[in-house]
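A.B. asks:
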Amino acid sequence: MKILSVNAGSSSLKFQLYNMPEEKVLISGLMERIGVGNSFYTIKVNGEKIKKEVELNNHEEAFETLVKELEENHVVEDLNEIEGIGHRVVQGGDYFDKSVVIDDDVLSKIEELSSLAPLHNPAAVIGIKAAKDVFPNAVQTVVFDTAFHQTMKKENYLYALPMKWYTDLKVRRYGAHGTSHKFVSERMNEILGRTDTKLITCHIGNGASISAVVNGKCINTSMGLTPNAGLIMGTRCGDIDASIIPYVMEKTGMTAKEIDTAINKESGLLAISQKSSDSRDIEDGIASGDENCILAQKMYVRRIVDYIAKYYVEMNGCDAIIFTAGIGENAIDTRRDVLNELGSLGIYLDEEANNVRGKERLISTKDSKVECWVIPTDEELMIARDTMELL
Ligand code: AMP
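Note that our numbering has the sequence shown beginning at 149, numbered continuously upward.
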């Protein structure tokens, strides 16, 4: 059975076609600058990487281009071989606690939730509609970034704010990166050979979040109503004193939109390092003695450590801590700095084992009370698995 995983952004389309259940990738790629001019795409197929510049005016044209590549490269002989298409959707609100087959009701709920994810949900809707037109016979599903976190109890998802904000405006913690937290926690349970586990999953990329997962279910997560809560990120501030916002607005006359840009695009590692949002540049800065980069890394690590400690206590112990995503999988120094702060919990890093990028590996010592692992995430595969299950 062939299943296509799709992640549609407002001007991009990321895709991966799998042969299931073998989980073999047949073709993968990314189309960029859709509808904004100078569009192009890169595709990996038959061991080759192809880059082409083509006019892609909308997502429908992007899917049609994909079809052309599928046929030209003999990935499929007949489009009907693609039985399922799984779409990534960022915000499922409290309507969806798992992946679902798309019908009119599901589509209108995704549209309704656009106000909670204005950059992401409308793009996903465009992608779903375009895929429906181009692949009319495939079953379309959605995999929500928030669904895995729907198992949180009220005391963990509610904010101590006026209750009307929750009942009328849906203000609560939803979390994000759920597909990734689910993927790595399932893989961790597979490695441990049991499901009665307490895990702390650290998805640390440009966006970053940490979850506490007990017996395969999320009990708490660091992101909130939006993906700006919790950890310090590349350009997002994470947790702050909420009253900073009205204070700065009053003092500077900044609008809500300008504040939103400042806390999402001009904060985090970028703001403190005054150099870059990219952890590789921060590493270089630290190596050359840049004081701002050293400070940025200290603050960045502190916040991750705080969340790990918080969830360790909340779960009353922990079997394993997992690092994933761009920084979690690759930034050897960040993992070292985090784990070296956790000695008081009996957590010890194996420095030699930690010398790894992008590969699954145990990085704690034998006498560490908690196993620490690098597990590369694979959100596209998780989407394909969920879609296959729904089919
Ligand atoms: P993601 O959002 O998961 O793609 O992660 C992006 C982040 O991963 C960026 O901050 C990158 O600097 C970081 N990253 C990727 N590769 C490396 C690497 N080899 N060493 C350190 N950081 C890396």
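Virtual Cβ for every residue (Gly too), placed ideally from N, Cα, C. Bear in mind the structure is a predicted one, so any value in this text is a computation, not a measurement.
Given that a residue counts as buried once 16 or more other Cβ atoms are within 10 Å of its Cβ, and exposed if not, what is D316?
C.D. replies: By the 10 Å Cβ count, D316 comes out exposed.
A.B. asks: Looking at I420 and ligand 1, is the gap between the Cβ and the nearest heavy atom below 8 Å?
C.D. replies: Answer for I420: no, Cβ out of range of ligand 1.
A.B. asks: For E220, verify whether its CB is less than 8 Å away from any heavy atom of ligand 1.
C.D. replies: It does not: the Cβ of E220 is nowhere closer than 8 Å to a heavy atom of ligand 1.
A.B. asks: Could you tell me whether the Cβ atoms of I411 and C385 are closer together than 9 Å?
C.D. replies: Yes, the pair counts as a contact, with Cβ atoms nearer than the cut-off.
A.B. asks: Take K514 as the anchor and find which of I495, R505, K280 and S158 has the nearest alpha-carbon.
C.D. replies: It is I495 whose Cα lies nearest to the Cα of K514.
A.B. asks: Using the Cβ count rule (16 or more neighbours within 10 Å means buried), how would you classify W521?
C.D. replies: The residue in question, W521, is buried, as its Cβ has 16 or more Cβ neighbours within 10 Å.
A.B. asks: Is R384 a contact residue of ligand 1, with contact defined as CB to any heavy atom under 8 Å?
C.D. replies: No, since every heavy atom of ligand 1 falls outside the 8 Å radius drawn around the Cβ of R384.
A.B. asks: So, for T301: in the same chain, excluding its five sequence neighbours on each side, which residues have a beta-carbon less than 8 Å away from its beta-carbon?
C.D. replies: Reading off the sequence, residue 301 comes out as Lys, not Thr. I367, listed in sequence order.
A.B. asks: Just to confirm the assignment: which complete beta strand (DSSP E) runs, minimum length 3, are found wholly within the region 284-348?
C.D. replies: Within the region 284-348, the complete beta strand (DSSP E) runs of at least 3 residues are 287-292.
A.B. asks: Thinking C-beta only, is L227 closer than 9 Å to V215?
C.D. replies: In contact: V215 and L227 (Cβ atoms closer than 9 Å).
A.B. asks: Where does Q445 fall in DSSP's three states?
C.D. replies: If DSSP states are grouped into helix, strand and coil, Q445 belongs with the helices.
A.B. asks: Cβ-heavy atom distance between N155 and ligand 1 below 8 Å?
C.D. replies: Outside the cutoff, so no.
A.B. asks: Just curious, the alpha helix (DSSP H) that Y395 is in, first and last residue?
C.D. replies: Run containing Y395: I392 to T400, per the alpha helix (DSSP H) assignment.
A.B. asks: Buried or exposed: which applies to L218, given that a residue is buried once 16 or more other Cβ atoms fall within 10 Å of its Cβ?
C.D. replies: By the neighbour-count rule (16 or more Cβ atoms within 10 Å), L218 is buried.
A.B. asks: Give a single yes or no on whether Y436 has its beta carbon closer than 8 Å to a heavy atom of ligand 1.
C.D. replies: The question names Tyr, but residue 436 in the sequence shown is Ser. Checking the Cβ of S436 against ligand 1 gives no.
A.B. asks: Could you please give the first and the last residue of the uninterrupted alpha helix (DSSP H) stretch that includes A501?
C.D. replies: A501 -> no alpha helix (DSSP H), and no H or E assigned at all.
A.B. asks: Please state the DSSP three-state secondary structure of F471.
C.D. replies: Strand.
A.B. asks: Grab me the residues of L379's own chain with a C-beta within less than 7 Å of its C-beta, minus the 5 sequence neighbours each way, in chain order.
C.D. replies: Excluding positions up to five away in sequence, the list reads A356, S357, I358, S370, G386, R451, I452 and Y455.
A.B. asks: Is the beta carbon of S425 less than 9 Å from the beta carbon of G382?
C.D. replies: In contact: S425 and G382 (Cβ atoms closer than 9 Å).
A.B. asks: Please classify Y395 as buried or exposed, where buried requires at least 16 other C-beta atoms within 10 Å of its C-beta.
C.D. replies: Exposed is the call here.
A.B. asks: Would Q298 and D245 be called neighbours here (beta carbons separated by less than 9 Å)?
C.D. replies: It is a contact, given that the beta carbons lie within the stated cut-off.
A.B. asks: Any chance you could list the beta strand (DSSP E) runs of at least 3 consecutive residues sitting entirely within the region 359-387, in chain order?
C.D. replies: DSSP runs (the beta strand (DSSP E)) wholly in the region 359-387: 365-369.
A.B. asks: Between Q164 and D438, what straight-line distance do the alpha-carbon atoms span, to the nearest angstrom?
C.D. replies: The alpha-carbon atoms of Q164 and D438 are separated by roughly 40 Å.
A.B. asks: If you draw a straight line from the C-alpha of F292 to the C-alpha of K162, how long is it?
C.D. replies: The alpha-carbon atoms of F292 and K162 are separated by roughly 16 Å.
A.B. asks: Beta-carbon distances below 5 Å to any heavy atom of ligand 2 define the shell here; list its residues in chain order, please.
C.D. replies: This structure simply doesn't include ligand 2; it includes ligand 1 instead.
A.B. asks: Do the region 265-285 and the region 228-240 touch if we need at least three Cβ pairs shorter than 8 Å?
C.D. replies: Output reads yes: the region 228-240 touches the region 265-285.
A.B. asks: Between the Cα of L267 and those of G183, K365, T374 and N206, spot the shortest distance and give me the residue it belongs to.
C.D. replies: Nearest of G183, K365, T374 and N206 to L267, Cα basis: T374.
A.B. asks: By the 10 Å Cβ neighbour count, where 16 or more other Cβ atoms means buried, how is L497 classified, buried or exposed?
C.D. replies: Buried: at least 16 other Cβ atoms inside 10 Å.
A.B. asks: Quick one: residues in its chain with C-beta nearer than 7 Å to the C-beta of G465, no 5 flanking neighbours on either side, listed in chain order?
C.D. replies: Within the same chain, G465 has close Cβ partners K346.
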